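Report on one structure; see the data block that follows.
Protein chains in written order, with my numbering: chain A, 2 to 308; chain B, 647 to 1070.
What follows is the structure in structure tokens.
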């Protein structure tokens, strides 16, 4: 694997399982007294984030440091990008400094694909527009596997703004590749215009599906969707699609509640629901570091012995 | 110096025959018949001699965006593509919304390798608010008016424009797009846009305006030309309007009969265009419409952009693709019609819509202006972006093998393309 742009780049179920096995060993590394291995010593990774991100960037940073890679940050806000430099010129300039991997987040779908065409270094997609966020899908799948013993056969409801969600697109690919039954739950305005070819079921009735879920995955609801006339109000959204205290009582005892963060407490998830033991949001974040270590190691660490 | 085109197969609106064509000193056809001679002999054996092609829809970018194209480079690309006349779109900077810019482009065109006609804007600044001085522009020979790139959104204004235009003997050409429905979209809305996470433009954004303008053509009796139709629904509506006797005509582009929205899967902005590439069913409808005459003409929508503009992310890159140098070969290669039908779509039919059929589009008879092209219909070639004459390189057909190549082009008797090379 040269790049990780899409969940599809992982090579199906076997490829994802390989990431999980590596992740298991990096979870173990994280539990050591000195949680650091020299696997990527001498490798340089650049963060190229065209969109604000706190948790994803920090998670990648932590993963890289635990692998002993050197990292550089290209801060778009204070850079030549604001002087009109093109994306191509920017990435070719960065590559010329001698980097092994560029981790890209961009508000435009497909930008990491273009970057991968223009440079020799590995490219990791850390989120492109509405399109994909493959490391999020890996950490979500890994978290489900840790808690429920596996993803295959699990009934997973993804609830909320599917249309504008790169997390949803990557999760659908990963969950279905691993054999889960995925149901999308959203008002029609927040679904993609076409679901042809998506291996999912769709419902607009959250209450009906709740008792039949092993995982309820809530997406962040953004305020600007109201101005686009996609929903009348956040209040109405919460009434129909929020995981309220009343709704959570309909869940089976073992059902997990997940969220990619940052959460809008009181909108898509009630505050007290977010703090229930079944809510594994913090585990998702914790696993994210080990999953990203596995991804960076797969891309850059060939031939390096982990021990 | 007189020239004879020897041994070619002649195809024009009147039919097909073999014979030699003599081009006189005055830039007109001096004689057509067997075994003719002249000062210079150009071999046309194995080739088709046809009226020069006419493009209803080219963006020559001058004035304002000379980095992308100039009248000179665009007209050279046109001549190499077999065109002897193009209609330059008015979305220049400043836009063509008055006599001054019309004159400037006409002057620039005099040195070009094809006749450059100018389309004027329907509204001032192409802003869709106030009628542009159409009579003033018509007085300089403008026969086609359009706010191309934008459709006139206001129905009342479009009605008035149609009424006013009918008094001037000119045609309004519409870029059909309901802007509120299309807002924010960058490709066709459907299976691929959903998968790729790119905001889409539904086919209905085009169809709503086609539907409205058909109603307005009925209301006013005015002539409407539909630019670059791309959806099966729009073509069905135009078919019905024509059957109802309304004065509507339509064009389609080569990319809308050769490429689909799936081409956007690699996020290469070379495939970003407006109207967007549609579904295979839409492509089939465009092909059928071209074959049965519902779509009157092939127009290129030649839209050059400098490389750096197309190296932006897909949603930030400008829409548009080159077309002048590949249109004829794509039509020959891809359409299920004979060469005579291809030439009708690319020559005499658009010449009539542009109202320049007194000088372009044939027929090949004594006394007519010698605006001609000589085509080798069997020659195959591979599209090489770096070999194009346009200043820009944004063709979506790089590496594609095509059949049919322009050998020679004659503009008012002057050989402007000889053996596939522009003379200047």
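Glycine included, each C-beta is placed from N, C-alpha and C at the ideal position.
Predicted model, so just to flag it, every value in this text is computed and none were measured.
Expressed to the nearest angstrom, what Euclidean distance is found between the alpha-carbon atoms of residue i and residue j?
i                      : j                      : result
residue 837 (chain B)  : residue 933 (chain B)  : 22 angstroms
residue 38 (chain A)   : residue 69 (chain A)   : 6 angstroms
residue 851 (chain B)  : residue 858 (chain B)  : 11 angstroms
residue 878 (chain B)  : residue 936 (chain B)  : 12 angstroms
residue 1016 (chain B) : residue 1050 (chain B) : 22 angstroms
residue 921 (chain B)  : residue 21 (chain A)   : 44 angstroms
residue 236 (chain A)  : residue 228 (chain A)  : 14 angstroms
residue 960 (chain B)  : residue 255 (chain A)  : 43 angstroms
residue 309 (chain A)  : residue 86 (chain A)   : What the structure shows of chain A is the stretch from 2 to 308, and residue 309 (chain A) is not part of that stretch, so it cannot be assessed.
residue 682 (chain B)  : residue 667 (chain B)  : 7 angstroms
residue 845 (chain B)  : residue 923 (chain B)  : 14 angstroms
residue 62 (chain A)   : residue 105 (chain A)  : 13 angstroms
residue 945 (chain B)  : residue 764 (chain B)  : 15 angstroms
residue 824 (chain B)  : residue 250 (chain A)  : 47 angstroms
residue 816 (chain B)  : residue 784 (chain B)  : 8 angstroms
residue 262 (chain A)  : residue 99 (chain A)   : 33 angstroms
residue 652 (chain B)  : residue 1053 (chain B) : 13 angstroms
residue 122 (chain A)  : residue 72 (chain A)   : 14 angstroms
residue 742 (chain B)  : residue 750 (chain B)  : 10 angstroms
Measuring only between beta-carbons, confirm whether residue i sits less than 8 angstroms from chain B.
i                     : result
residue 172 (chain A) : no
residue 87 (chain A)  : yes
residue 193 (chain A) : yes
residue 167 (chain A) : yes
With DSSP collapsed to three states, give me the class of residue i.
i                      : result
residue 761 (chain B)  : strand
residue 820 (chain B)  : strand
residue 1043 (chain B) : coil
residue 180 (chain A)  : coil
residue 902 (chain B)  : helix
residue 857 (chain B)  : helix
residue 894 (chain B)  : strand
residue 960 (chain B)  : coil
residue 933 (chain B)  : helix
residue 707 (chain B)  : coil
Would you give the residue range spanned by the alpha helix (DSSP H) that residue i belongs to?
i                     : result
residue 46 (chain A)  : Element bounds for residue 46 (chain A): not the alpha helix (DSSP H) but the beta strand (DSSP E), 45–50.
residue 978 (chain B) : 973–980
residue 841 (chain B) : 837–842
residue 280 (chain A) : Residue 280 (chain A) -> no alpha helix (DSSP H), and no H or E assigned at all.
residue 27 (chain A)  : 13–31
residue 720 (chain B) : 717–726
residue 274 (chain A) : 272–275
residue 248 (chain A) : 246–249
residue 881 (chain B) : 878–889
Could you please give the first and the last residue of the uninterrupted beta strand (DSSP E) stretch that includes residue i?
i                      : result
residue 664 (chain B)  : 661–669
residue 917 (chain B)  : Run containing residue 917 (chain B): none; DSSP gives neither H nor E here.
residue 703 (chain B)  : 699–704
residue 5 (chain A)    : Residue 5 (chain A) -> no beta strand (DSSP E), and no H or E assigned at all.
residue 264 (chain A)  : Element bounds for residue 264 (chain A): n/a, residue is neither H nor E.
residue 1060 (chain B) : 1060–1064
residue 729 (chain B)  : 729–734
residue 241 (chain A)  : Premise fails: residue 241 (chain A) lies in the alpha helix (DSSP H), 235–242, not in any beta strand (DSSP E).
residue 653 (chain B)  : 649–658
residue 219 (chain A)  : 216–219
residue 148 (chain A)  : Taken as a continuous stretch (DSSP letters only), residue 148 (chain A) belongs to no beta strand (DSSP E), being part of the alpha helix (DSSP H) at 135–149.
residue 127 (chain A)  : 123–129
Comparing the C-beta of residue i with each C-beta of chain A, is any distance below 8 angstroms?
i                      : result
residue 1038 (chain B) : no
residue 842 (chain B)  : yes
residue 1032 (chain B) : no
residue 980 (chain B)  : no
residue 1043 (chain B) : no
residue 879 (chain B)  : no
residue 825 (chain B)  : no
residue 837 (chain B)  : yes
residue 846 (chain B)  : yes
Return yes when at least one heavy atom of the ligand SAH lies under 7 angstroms from the C-beta of residue i, else no.
i                     : result
residue 892 (chain B) : Looking for the ligand SAH in the displayed structure turns up nothing, as the structure carries no ligands at all.
- Task: Residues of the segment 945–969 of chain B with a CB closer than 8 angstroms to any CB of chain A: list them in chain order, please.
- Result: 954, 957, 958, 959, 960, 961 and 962
- Task: Using a Cβ-Cβ cut-off of less than 7 angstroms, list which residues of the segment 798–821 of chain B approach chain A; keep chain order.
- Result: none
- Check each residue of the segment 91–118 of chain A: if its Cβ is closer than 7 angstroms to any Cβ of chain B, include it; give the result in chain order. 107, 109, 110, 111, 112, 114 and 115
- Taking any Cβ of chain B, which residues in the segment 118–149 of chain A have a Cβ under 9 angstroms from it, in chain order? Per Cβ criterion, the list reads 118, 119, 129, 130, 131, 132 and 133.
- What residues from the segment 220–250 of chain A come within 7 angstroms of chain B, judged by C-beta to C-beta, listed N to C? none
- Task: Check distances from the C-beta atoms of the segment 195–212 of chain A to those of chain B and list, in chain order, the residues that come in under 9 angstroms.
- Result: Legend: CB atoms of the segment 195–212 of chain A lying less than 9 angstroms from CB atoms of chain B belong to residues 195, 196, 197, 198 and 199.
- Below 7 angstroms between beta carbons is the criterion; list the residues of the segment 902–923 of chain B that meet it against any residue of chain A, in chain order. Answer in chain order: 912 and 913.
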